[in-house]
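If you're matching them up, the sequences are chains A and B in order. Heads up: the first sequence begins at 1 in this note's numbering, then just goes up one per residue. Heads up: the second sequence begins at 1001 in this note's numbering, then just goes up one per residue. Every residue gets a Cβ at the ideal spot worked out from N, C-alpha and C, and that includes glycine. The structure displayed is predicted, hence computed values, not measured ones. Taking it in order: structure first as structure tokens, then the write-up.
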Amino acid sequence: MSHALKDKAAIAGIGLTEFSKKSGVSELSLAAQATLAACEDAGLPPSEIDGFVSYTLDSTDEIELARTVGANDLKLFTKVNYGGGAAVGTILHAVMAVATGVADNVICYRAMNGRSGQRMGQGISGQIVSSDLVHWSWYMPYGMLTPGSWIAMIANKYMHRYGVTSEDLGRVAISQRNYAQSNPRSFFYGKPLTMEDYLASKMIAEPLRLYDFCQETDGGCAILVTSAERARDLKQKPAVIRGVVQASTRGQEQMTSYYREELDSLPEMELAARLVYEQSGLGPDDINAACLYDAFTSEIIMQLESFGFCGRGEGVDMVRDGALDIDGRLPNNTHGGLLSEAYIHGMNSIAEGARLVRGTSTSQPEGVEHVLVSSGVGVPTGALILGRD
Amino acid sequence: MAQSFRMKPPMGEDNGWWWQEAAAGRLAIQRCTQCQTLRHPPRPACGECHSFAWDHVTASGRGTLCSFTILHHPQFPGFDYPLIIILVDLEEGTRFTSQLINCAAEDVAFDMAVEMVMHEDPDGFRLPMFQPAKGAAA
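Structure follows, in structure tokens:
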């Protein structure tokens, strides 16, 4: 059944706001700016948008955004759960709607004052009891209050098992920082990173240092999904959606899936890989570039294994071989990623995926046919493969 | 009663009993009474046989260190840094997230033997922590 989605829809427009540490405007304003920019990019009037999809963590309701941008009848409005795990999941919901005729032109958006407003991982409080709050309460009383603390537990186990060093994490950070030097949108534009800088950066949650962490950003990003047929009549080269899936596996928790037998792999990402390859009829050898979700550097190395670019424990060899760089096997996060461009919860990495297919990245590798984009790591997640028309 | 910095767990039907056990000095592990499978964290039903019937056993408190992280930043009021957070494989077979105390950060190691000590905050709130097992190699 999932093959029913292959090649039916495309990304026809991408829209971004300026990225900053203090936007000075509301999150609704950021969402509206990004949406209008995506429509402008595609050459599609906002009045034709009939669906909106975002993250449960996004404060902007679909109808608020619809009113603000002057959309008319809405036939789809929904939000996807689990933080950054929602990222490509929003595209899946849009594609399902477009492929089935439920909606025609769907905006997927994420807009956040992620630095000046509500910051990620600020914890819980109050007397409300829900299964989610009970989940977090196994960690919060011990002082595990931040995403870094939750991820470090898995990263440490994985690095211990496979001999991954701090320098290896540094290689990932530096590779992405290098890409940021070509991208004026990037927070770290004009600020390269050396291994010395990396190793000297503050230890946060061992083994993770400051530069293993993504940004905190004020900004918005919107992705316009429409039918592949319609996309061909619009302004930009379509980024055709070859496959898009969500994935969660047995024993799944948000960030703290500590109770599975093995802690040194990403079962939900392996499921996402299997499903997205099945749906698209493609495999790792067909993927020319990637935007692997990078809230933390360690996640990149683990995902190389999840998506079958190498065997278990071999991700680090790819990193040492320069696979992630522009002339490597798998140029990754060519915009700088969440580490170095901006943290718009992965939505900005979907935009970069579309740019790579269009051939318009600020660090454009040659001969890109297919790009893989993933959602958040350590949470219910998903994967997306975009292809050239 | 003294004020405590510690974020208290919400006490619901699925987890409140566990904290009552901790308050009584015991590290509890939930057990399915139909198939006897132990589970942690507690949940209302068994993922193996789907029974909603359960009781609990009291853990010996002995285990080995499965993984750890040492937290340096950000520093929240009331916690001592570097703060050592651990995953313990309890000898009963379930895994538990906790804090390692009475151990220098440089002495933490994978697979080290640890034992439970019940920690009590100034306000009387109790939660299980672990320390290096007595008699185990440092």
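Best match in the options for proximity to residue i [C-alpha to C-alpha]
{"i": "residue 35 of chain A", "options": "A:238, A:331, A:208, A:109", "result": "A:109"}
{"i": "residue 345 of chain A", "options": "A:214, A:42, A:303", "result": "A:214"}
{"i": "residue 347 of chain A", "options": "A:4, A:15, A:68", "result": "A:15"}
{"i": "residue 1068 of chain B", "options": "A:83, A:378, A:159, A:76", "result": "A:159"}
{"i": "residue 115 of chain A", "options": "A:79, A:134, A:220", "result": "A:220"}
{"i": "residue 1112 of chain B", "options": "B:1041, B:1118, B:1135, B:1047", "result": "B:1135"}
{"i": "residue 1033 of chain B", "options": "B:1024, B:1050, B:1020, B:1017", "result": "B:1050"}
{"i": "residue 147 of chain A", "options": "A:388, A:378, A:386, A:131", "result": "A:378"}
{"i": "residue 416 of chain A", "options": "A:133, A:387, A:170, A:117", "result": "Given a span of 1 to 389 for chain A in the structure shown, any question on residue 416 of chain A remains unanswerable."}
{"i": "residue 166 of chain A", "options": "A:297, A:72, A:192, A:287", "result": "A:297"}
{"i": "residue 163 of chain A", "options": "A:5, A:364, A:360, A:312", "result": "A:312"}
{"i": "residue 1040 of chain B", "options": "B:1088, B:1109, B:1008, B:1065", "result": "B:1088"}
{"i": "residue 137 of chain A", "options": "A:253, A:26, A:271, A:317", "result": "A:253"}
{"i": "residue 193 of chain A", "options": "A:172, A:205, A:208", "result": "A:172"}
{"i": "residue 1110 of chain B", "options": "B:1044, B:1011, B:1063", "result": "B:1063"}
{"i": "residue 1091 of chain B", "options": "B:1116, B:1052, B:1009, B:1036", "result": "B:1116"}
For residue i, the residue or residues it bridges with in DSSP
{"i": "residue 1128 of chain B", "result": "B:1118"}
{"i": "residue 110 of chain A", "result": "A:221"}
{"i": "residue 236 of chain A", "result": "Residue 236 of chain A pairs with nothing; no bridge assigned."}
{"i": "residue 1036 of chain B", "result": "According to DSSP, residue 1036 of chain B bridges with nothing at all."}
{"i": "residue 209 of chain A", "result": "A:203"}
{"i": "residue 55 of chain A", "result": "A:80"}
{"i": "residue 363 of chain A", "result": "Residue 363 of chain A pairs with nothing; no bridge assigned."}
{"i": "residue 1055 of chain B", "result": "B:1031"}
{"i": "residue 16 of chain A", "result": "A:221"}
{"i": "residue 388 of chain A", "result": "A:239"}
{"i": "residue 381 of chain A", "result": "A:247"}
Closer than 7 angstroms to chain A by CB, residue i
{"i": "residue 1012 of chain B", "result": "yes"}
{"i": "residue 1007 of chain B", "result": "yes"}
{"i": "residue 1041 of chain B", "result": "yes"}
{"i": "residue 1110 of chain B", "result": "yes"}
{"i": "residue 1102 of chain B", "result": "no"}
{"i": "residue 1062 of chain B", "result": "no"}
{"i": "residue 1069 of chain B", "result": "yes"}
Residue-level contact to chain B via CB, residue i, 7 angstroms cutoff
{"i": "residue 137 of chain A", "result": "yes"}
{"i": "residue 140 of chain A", "result": "yes"}
{"i": "residue 133 of chain A", "result": "yes"}
{"i": "residue 157 of chain A", "result": "yes"}
{"i": "residue 198 of chain A", "result": "no"}
{"i": "residue 379 of chain A", "result": "no"}
{"i": "residue 223 of chain A", "result": "no"}
{"i": "residue 205 of chain A", "result": "yes"}
{"i": "residue 143 of chain A", "result": "yes"}
Inter-residue CB distance, residue i and residue j (contact presumed, cutoff 8 angstroms)
{"i": "residue 217 of chain A", "j": "residue 342 of chain A", "result": "4 angstroms"}
{"i": "residue 234 of chain A", "j": "residue 12 of chain A", "result": "5 angstroms"}
{"i": "residue 246 of chain A", "j": "residue 331 of chain A", "result": "Actually they do not touch by this definition, with Cβ atoms about 25 angstroms apart."}
{"i": "residue 1022 of chain B", "j": "residue 1126 of chain B", "result": "5 angstroms"}
{"i": "residue 75 of chain A", "j": "residue 99 of chain A", "result": "Not confirmed; about 14 angstroms, so no contact."}
{"i": "residue 168 of chain A", "j": "residue 329 of chain A", "result": "Contact flag wrong, Cβ pair sits at about 16 angstroms."}
{"i": "residue 97 of chain A", "j": "residue 106 of chain A", "result": "6 angstroms"}
- Query: Does the count of Cβ pairs from the stretch 192-210 of chain A and the stretch 225-241 of chain A closer than 8 angstroms reach three?
  - Reply: The stretch 192-210 of chain A is not in contact with the stretch 225-241 of chain A.
- Are the stretch 1056-1067 of chain B and the stretch 1025-1032 of chain B in contact at 8 angstroms, needing three or more beta carbon pairs? Enough Cβ pairs lie closer than 8 angstroms, so yes.
- With a cut-off of 8 angstroms, do at least 3 Cβ pairs link the stretch 153-166 of chain A to the stretch 256-273 of chain A? yes
- Message: Using 8 angstroms as the cut-off, can you tell me whether the stretch 44-62 of chain A makes contact with the stretch 82-89 of chain A, which would need three or more C-beta pairs spanning the two stretches below that distance?
- Response: yes
- Query: Is the stretch 272-292 of chain A touching the stretch 361-377 of chain A in the sense that three or more CB pairs, one from each, lie closer than 8 angstroms?
  - Reply: yes
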